[in-house]
Amino acid sequence: MRLLMSRKRHRLRCRRRIRGPVALVAKRKSLRCQQDDNYHVDRGISCPDLPEDILRHIHAKMTLRDAARAACASHTFRRNWIFHPNLTFSLGTLGLNRNASRDVITRDLISKIDLIMQNRSGIGVKTLDIDLYSCDNIDFTYLDSWLRIAVTPGIEELILTLPLPTIVFENAVPIISVYNFPCSLLSNGSGNSIQYLDLCYCTLRPTAGLGCLRSLTRLRLCCTRITGDELWCLLSNSPALVCLILQYCKEIISLKIPSLLQRLRFLEVADCDRLQVVESNAPNLTTFYFEGFIGQISLGGSLQVKTLRMICFRQTNIVCYARHNLLSIAPNVETLTISSPNEVYSETLDDYYGLAMPADKSSDTLECN
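Under full-length UniProt numbering, read the sequence shown as residues 1 to 369, first letter to last.
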């Protein structure tokens, strides 16, 4: 019995001696493979062979979401993250749940944007695009703070899409809450570099003290509270303007465009319900789109207007209007599009346009090319 026990202990000692070196070798191989993997991963992510300025340029060309992902994966890109010049904030770019309640969406969106913007203080921004349409009951002091950080010399694009106006009560008096865009930020040279300004659902009250927006080429105002005189003030300080789009701006009664807008090529006016007069003195306007109730329209006898489109769903006899006023509005028009569901047929229209009207003697859309 003792002999058997002794042999058994001997076999166990032999097995341990064999397994020890094998396990150690396996462990060393595992560590070596892991080091090799880490080496390849680090080389792929950190990009040590590229200069810092090139890496920063690559990072700046990424979308906000891709730039954030790169910053999470690489120490090099993480250092460049704070300098990313193009900031686009929305539910999609920040990866938020679209199906959450409006209160949750508002809380999460505001907190994420504020965290990023506060870390950007003193660092230049080229593009700021904020979409808060899905939010509710926003504290506008956040917007003021973000704009003070972003609207500095060097900014090129500013896009604000705000929520629908809400009704708040002050001393039991209902007041419509609309964000008042701080035009003072555009003074003192801060607005000189802006090339594209797009404002939706806010109030814009430019005054004579507004600085010159010498680089502004595109302006879009949608559901923006601004009067005709205030718009004139803004346009008079935007000599480089090429494209002007006005949509649902219900405070504009008279739209007048100064002759100093030598570069203006495209003008769109849509559903400005109180608008009665459109008077453009821009000499090089080539395209004019109008949607709404046609009142008095004058394009200054511009010989450059080649494309004219009129959409009038609440007005009749637009074709007749075009027949009597077309030559004075745009004498050299090449493409004319008229959309009207309430046209009254007249045989003289066939002679004038050289087109056959539908058999039911009604026209929804008439195009003359």
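Using N, Cα and C, we set each Cβ at its ideal position, and we do this for glycine too.
Candidates the options: closest to residue i by CA position
i           : options               : result
residue 133 : 283, 163, 158 and 310 : 163
residue 283 : 290, 272, 267 and 273 : 267
residue 197 : 208, 258 and 224      : 224
residue 247 : 201, 321, 209 and 286 : 201
residue 89  : 330, 257, 241 and 135 : 135
residue 84  : 234, 120 and 99       : 120
residue 295 : 286, 288 and 279      : 279
residue 131 : 166, 92, 228 and 101  : 92
residue 190 : 125, 101 and 303      : 125
residue 165 : 320, 139, 235 and 328 : 139
residue 118 : 128, 146 and 289      : 146
residue 288 : 94, 99, 337 and 316   : 337
residue 192 : 239, 128, 314 and 310 : 239
residue 310 : 320, 290, 245 and 322 : 290
Residue i versus residue j - alpha carbon distance
i           : j           : result
residue 108 : residue 142 : 13 Å
residue 33  : residue 137 : Caution applies to residue 33, whose pLDDT of 45 falls short of 50 and renders its modelled position unreliable; the model cannot decide the point.
residue 308 : residue 203 : 30 Å
residue 276 : residue 253 : 6 Å
residue 231 : residue 206 : 8 Å
residue 215 : residue 262 : 14 Å
residue 334 : residue 324 : 17 Å
residue 178 : residue 330 : 38 Å
residue 113 : residue 312 : 41 Å
residue 106 : residue 116 : 16 Å
residue 27  : residue 110 : Low per-residue confidence applies at residue 27: pLDDT is 45, beneath 50, and the placement is therefore not dependable enough to give any value.
residue 208 : residue 241 : 18 Å
residue 103 : residue 97  : 12 Å
residue 144 : residue 182 : 8 Å
residue 314 : residue 218 : 29 Å
residue 36  : residue 127 : Residue confidence is low: residue 36 scores 42 on pLDDT, short of 50, so the model does not pin down where it sits. No coordinate-derived value is stated.
residue 328 : residue 129 : 41 Å
residue 180 : residue 234 : 15 Å
residue 316 : residue 245 : 25 Å
residue 269 : residue 226 : 14 Å
residue 94  : residue 101 : 16 Å
residue 99  : residue 322 : 48 Å
Distance CB(residue i)-CB(residue j) smaller than 8 Å
i           : j           : result
residue 151 : residue 160 : no
residue 274 : residue 243 : no
residue 298 : residue 318 : no
residue 305 : residue 342 : no
residue 187 : residue 154 : no
residue 185 : residue 148 : yes
residue 156 : residue 123 : no
residue 271 : residue 292 : yes
residue 259 : residue 281 : yes
residue 199 : residue 221 : yes
residue 250 : residue 228 : no
residue 326 : residue 302 : no
Residue i beta carbon near the ligand FAD (any heavy atom closer than 7 Å)
i           : result
residue 181 : What this structure holds is no ligand at all, so the ligand FAD is not there to describe.
Per DSSP, the bridge partner or partners of residue i
i           : result
residue 201 : None, per the DSSP bridge assignment.
residue 296 : 277
residue 214 : Per DSSP, none; premise fails for residue 214.
residue 157 : 127 and 196
residue 166 : 177
residue 88  : 129
residue 370 : With the chain represented from 1 up to 369, any question about residue 370 goes unanswered, as that position is not in the structure.
residue 372 : Residue 372 lies beyond the residue range present for the chain, which begins at 1 and ends at 369; the question has no answer from this structure.
residue 397 : Nothing in the structure corresponds to residue 397, since the chain is present only between 1 and 369.
residue 219 : 197 and 244
Closer than 8 Å to chain D by CB, residue i
i           : result
residue 227 : Included in the structure is just one protein chain, with no chain D present.
Scan the region 221–279 and note each continuous alpha helix (DSSP H) run of 4 residues or more that stays entirely inside, going in chain order. 228–236
Which full runs of the beta strand (DSSP E) of 3+ residues lie inside the region 122–153, going along the chain? 127–131
Which complete alpha helix (DSSP H) runs does the region 304–335 hold, if anything under 4 residues is left out? 318–329
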